[in-house]
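The opening position of the first sequence corresponds to residue 167 in the working numbering, with each subsequent residue numbered one higher.
This report concerns only the one structure given below.
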Amino acid sequence: MDQLQKPRGTKDILPAEQAAWSFFRSTAERVLNGLSFGKINTPLFEDKRIFERGAGESSDIIEKQLYLIKANKNEENDELALRPEGTAGAARAYIENGMSSQPQPVRLYYFGTMYRYERPQAGRYREHNQLGVEIFGDDSAESDYLAIMSALEILKKLGFSDFNVAVNSIGCPECRPKYLKKLKDYYADKLSKVCPDCKRRYDINPLRMLDCKNEECQKFKTQAPQMVDSLCTECREHFQDTLQYLDDFGIKFDLDNTLVRGLDYYTRTVFEISAGNDKERHSTLCGGGRYDNLVSILGGPKTPAVGWGMGADRVVDLLKDNSLKIPKPRGVEVVILEIGDAAKKVCRQLFNSLDKEDINVFYIPSKLSLRSQMKSASKLGADFALIVGQQEALTGSVIVRDLRSSTQEDLSISSAIDMIKEKYSATSE
RNA sequence: GCGGCUAUGGUGAAGUGGUUAUCACGCUAGUCUGUGGCACUGGAGUCAUGGGUUCAAUUCCCAUUAGCCGCCCCA
Numbered sequence: 167m168d169q170l171q172k173p174r175g176t177k178d179i180l181p182a183e184q185a186a187w188s189f190f191r192s193t194a195e196r197v198l199n200g201l202s203f204g205k206i207n208t209p210l211f212e213d214k215r216i217f218e219r220g221a222g223e224s225s226d227i228i229e230k231q232l233y234l235i236k237a238n239k240n241e242e243n244d245e246l247a248l249r250p251e252g253t254a255g256a257a258r259a260y261i262e263n264g265m266s267s268q269p270q271p272v273r274l275y276y277f278g279t280m281y282r283y284e285r286p287q288a289g290r291y292r293e294h295n296q297l298g299v300e301i302f303g304d305d306s307a308e309s310d311y312l313a314i315m316s317a318l319e320i321l322k323k324l325g326f327s328d329f330n331v332a333v334n335s336i337g338c339p340e341c342r343p344k345y346l347k348k349l350k351d352y353y354a355d356k357l358s359k360v361c362p363d364c365k366r367r368y369d370i371n372p373l374r375m376l377d378c379k380n381e382e383c384q385k386f387k388t389q390a391p392q393m394v395d396s397l398c399t400e401c402r403e404h405f406q407d408t409l410q411y412l413d414d415f416g417i418k419f420d421l422d423n424t425l426v427r428g429l430d431y432y433t434r435t436v437f438e439i440s441a442g443n444d445k446e447r448h449s450t451l452c453g454g455g456r457y458d459n460l461v462s463i464l465g466g467p468k469t470p471a472v473g474w475g476m477g478a479d480r481v482v483d484l485l486k487d488n489s490l491k492i493p494k495p496r497g498v499e500v501v502i503l504e505i506g507d508a509a510k511k512v513c514r515q516l517f518n519s520l521d522k523e524d525i526n527v528f529y530i531p532s533k534l535s536l537r538s539q540m541k542s543a544s545k546l547g548a549d550f551a552l553i554v555g556q557q558e559a560l561t562g563s564v565i566v567r568d569l570r571s572s573t574q575e576d577l578s579i580s581s582a583i584d585m586i587k588e589k590y591s592a593t594s595e
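This is the structure:
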C-alpha cells in the first residue's frame with residue numbers, strides 16, 4: 167500500500183515534545199488566571215461570515231487563506247470555514263452568550279488550532295496553535311496595557327528575557343482614512359522614482375511603503391507623513407495614555423509607524439512582540455491590538471475591545487532553540503521486580519503502600535530473568551528498583567537499588583517503604 | 001500566489017551509471033541464566049513517489065509530493 171502523509175503545513179507533536187507544550191500552556195494559564203482572565207473554548211469552525219465581516223473580505227487571511235468546508239458531501243454551499251484566528255469567534259461568543267450584561271470588562275483567553283491556507287515555512291503552518299486573550303467592554307488605555315503586559319508576563323515566566331515590543335496607533339475610522347489620503351498625496355508625484363514593490367503597495371497597502379527596505383525609497387520615507395501626527399484628538403490621547411502606562415511600568419517598546427496589522431477590524435493601538443534577535447519581526451510571536459468596532463460589526467452592542475494572539479508553535483520552537491529549562495513530567499519513579507511466586511505477597515504490599523503515597527510505581531510481575539527485568543526497569547527510566555526474590559521473601563527483606571547511582575541496600579519491608587516515601591516527599595514540591 | 005534550494009535505514013550523515021549501498025547513534029533479537037546502562041553476535045533501507053533516458057539508475061532528465069530559504073503576509 168502507498169504510504170500516505172500528513173497534509174502540507176501540519177505536524178505531529180510527539181511525546182518527546184509534549185513537555186514543552188504543557189509548560190507553555192500551564193504557564194500561560196497560571197499567568198492569565200492570575201490576571202482574572204477566564205478560559206473559553208469556541209468551535210473550530212464557524213459561519214464563514216463571522217470571519218469575513220470581522221477580518222475584512224479584502225484581507226489576505228480571508229481572501230486567500232480561508233479554509234472553506236462543506237457540512238457534508240451532499241452539501242452544495244460551503245458556508246462554514248475553519249477559523250483562521252480566534253478573535254472573531256470569541257467576539258461572536260461574547261455576543262451570543264449575553265456577556266455584555268456581565269460586569270465589564272469581560273476578560274477571556276483561549277488556546278486552540280487555527281487554519282490558514284498558505285505556503286509553509288519554518289514557524290509558519292497551515293494548522294497552528296494559538297493562545298489568545300480578549301478584553302471586552304473597556305475602552306481605556308488600562309486594558310491596552312493589561313493586554314500587552316499579560317503577553318510579556320507569559321513570555322517572561324517561560325524564561326525569555328529579550329524581546330522587541332513594537333507599538334503603533336492606526337487611529338479610528340475617523341482619522342485613518344484621512345491619513346491614508348495624506349500619505350498617497352505625498353507619494354503621488356514620486357511614484358516614478360519609487361521601487362516596483364512600492365508602486366504596487368501604493369494601491370494595495372500604502373502603509374507598507376513606509377516599511378520598504380529598498381535604497382531608492384529611503385529618502386522619501388523620512389519626509390513622509392506619519393500616522394501619529396494625523397490621529398484625531400481622542401485617538402492621540404488614548405495612544406499617549408497607553409504609552410504612559412508602558413513607560414510607568416518599565417516596559418521597553420519601539421514606536422513603529424510602519425506597524426499595521428493584516429485584519430481590518432483593528433483600531434487605535436496595534437502591537438507586535440518578537441524575539442530579541444528578530445528585530446525585523448519576521449517571525450512575530452505575538453500580535454494584537456484594539457478592535458472597538460468588531461462586536462458591533464458582528465451584530466452585538468457597541469463594545470470596545472482589545473486582544474492578541476500568540477503563536478504557540480513559534481514560542482515552543484523558541485523554547486527549544488534557546489534551550490530554556492522545561493520542567494520534566496513525572497515518569498516512572500519506582501519499579502518493583504518480582505522473582506518467583508514466593509515474592510508475590512511482599513510485592514503486592516510494596517505496591518499498595520507506595521501507590522497510596524502517590525508515587526509512580528510500575529509493577530507488572532514478569533517471568534523473565536532478573537537480568538532482563540533490570541533491563542526493562544532501566545528503559546522505563548525509573549529511579550529505584552525494589553527487588554524481591556526467594557531469599558528476600560524468606561527473610562522479609564527487600565533490595566532497594568538506586569538505578570542512578572547503581573548502589574543498593576538490603577532493608578526490611580517497612581524501612582524500604584519509609585525510605586522511598588521520604589525520597590519523594592522531600593523532592594516533590 | 002511568485003522565485004530558489006533540498007529529499008539516502010528511526011535520527012544525523014557519507015557514497016556510486018553496473019554484482020550483497022557505507023558510518024555513527026538509536027531501535028530490536030540473542031549470548032552472559034539473582035542484578036540494568038558494558039561487551040560480543042544477529043536484524044530492519046523497495047536510496048520520497050511516478051514517469052523517462054540507458055544494455056543498466058539510488059546516482060542523469062521531467063513531473064508530483066513534502067521540507068527549507070527569500071518575497072508576500074502573519075502567529
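C-beta: ideal position from N, C-alpha, C; glycine also.
Let me check understanding here. Comparing Cα to Cα, which of the options lies closest to residue i?
i	options	result
THR433	ASN526, LEU421, ALA247 and HIS404	HIS404
ILE586	GLU499, PHE528 and GLY562	GLU499
GLU245	LEU274, SER225 and LYS214	LYS214
ARG292	PRO173, ARG496 and ASN380	PRO173
LEU412	ALA307, SER202, VAL564 and GLU262	ALA307
THR373	ASP422, GLN557 and GLN556	Going by the sequence as given, residue 373 is Leu instead of Thr. Looking at the Cα atoms, ASP422 is the closest of the given residues.
ALA582	LEU201, GLY222 and CYS513	CYS513
VAL394	SER591, LYS385, PHE386 and GLN406	GLN406
LEU536	PHE528, VAL527, ILE439 and ALA551	ALA551
VAL461	GLU262, PRO343, SER327 and SER192	GLU262
ILE565	GLN539, ASP576 and TYR590	ASP576
ALA548	ARG570, GLN557 and ALA559	ARG570
GLU284	ILE228, LEU297 and PHE326	ILE228
GLN556	GLY506, TYR590 and SER267	GLY506
ALA508	PHE517, ASN488 and THR561	THR561
SER309	ALA257, ASP458, ARG366 and ALA390	ASP458
GLY298	ALA478, PRO531 and PRO495	ALA478
ASN295	VAL472, GLN287, ARG282 and PHE277	PHE277
GLN392	SER580, ASP363, LYS486 and CYS341	CYS341
ARG282	ALA194, THR176 and MET375	THR176
ASP487	ALA257, GLY325, TYR275 and LEU520	GLY325
LYS510	SER202, ILE553 and GLN169	ILE553
SER225	ASN243, LYS445, ASN371 and ARG496	ASN371
LYS344	LYS387, CYS361, CYS398 and LYS356	CYS398
SER578	ALA194, SER266 and ALA559	ALA559
PRO286	GLU400, SER449 and THR388	SER449
ARG273	LEU357, ASN199 and ILE530	ASN199
GLY289	SER519, ARG447 and PHE437	ARG447
Since residue i sits in a beta bridge, which residues does DSSP pair it with?
i	result
VAL596	The displayed coordinates of the chain run from 167 to 595. Any statement about residue 596 would go beyond what the structure contains.
GLY454	PHE437 and TRP474
GLU504	VAL554
ARG496	Answer is none; ARG496 lacks a bridge partner.
VAL272	PHE302
SER578	SER563
Tell me, to the nearest whole angstrom, how far the beta carbon of residue i is from that of residue j; I am working on the premise that it is less than 8 Å.
i	j	result
THR435	THR408	5 Å
LYS359	GLU382	7 Å
ALA259	PHE211	In fact, because the Cβ distance is near 14 Å, the residues do not count as touching under 8 Å.
VAL331	LYS205	Not confirmed; about 25 Å, so no contact.
PHE189	ILE492	5 Å
PHE415	MET315	7 Å
ALA313	TYR352	Going by Cβ atoms, the distance from ALA313 to TYR352 rounds to 32 Å, so no, they are not a contact pair.
GLY442	PHE329	6 Å
Go through the stretch 548-572 residue by residue and report every complete run of the alpha helix (DSSP H) that reaches 4 residues or more, in order.
Complete alpha helix (DSSP H) runs here, min 4: 556-561.
So within the stretch 177-260, which uninterrupted alpha helix (DSSP H) runs reach at least 4 residues, ignoring any that extend past its ends?
Contiguous alpha helix (DSSP H) elements confined to the stretch 177-260 occur at 181-200, 214-221 and 226-229, taking only those with 4 or more residues.
Report yes or no: do three or more beta-carbon pairs, one from the stretch 319-326 and one from the stretch 420-428, lie closer than 8 Å?
Judged by Cβ distances under 8 Å, the stretch 319-326 makes no contact with the stretch 420-428, as fewer than three pairs qualify.
Touch test, the stretch 301-308 against the stretch 334-344, Cβ-Cβ under 8 Å, three pairs minimum:
Touching, no.
Take every Cβ of the stretch 247-257, pair it with every Cβ of the stretch 215-225, and state whether three or more of those distances are shorter than 8 Å.
Because the criterion of three Cβ pairs below 8 Å is met, the stretch 247-257 and the stretch 215-225 touch.
On the three-pair Cβ rule with 8 Å, is the stretch 478-485 touching the stretch 183-198?
Yes, they touch.
Can you list, in chain order, the stretches of the alpha helix (DSSP H) that have 4 or more residues and sit fully within the stretch 520-552?
Here the runs fully enclosed are 536-546.
Can you find at least 3 beta carbon pairs, one from the stretch 227-245 and one from the stretch 447-457, that sit closer than 8 Å?
Result no; under three Cβ-Cβ pairs closer than 8 Å.
Would you mind listing the beta strand (DSSP E) stretches within the stretch 276-324 that are 3+ residues and don't spill past its ends, in chain order?
Correct list: 293-302.
Could you tell me which whole alpha helix (DSSP H) segments of length 4 or greater appear in the stretch 319-377?
Within the stretch 319-377, the runs of alpha helix (DSSP H) at least 4 residues long that lie entirely inside it are, in chain order, 342-354 and 362-370.
Three Cβ pairs or more, each shorter than 8 Å: is that satisfied between the stretch 487-507 and the stretch 458-465?
Contact fails between the stretch 487-507 and the stretch 458-465, because fewer than three Cβ pairs, one in each stretch, are under 8 Å apart.
At what residue ranges does the stretch 377-421 contain a whole run of the alpha helix (DSSP H), taking only runs of 4 or more?
Along the length of the stretch 377-421, whole alpha helix (DSSP H) runs at least 4 residues long occupy 381-389, 393-396 and 399-414, reported in chain order.
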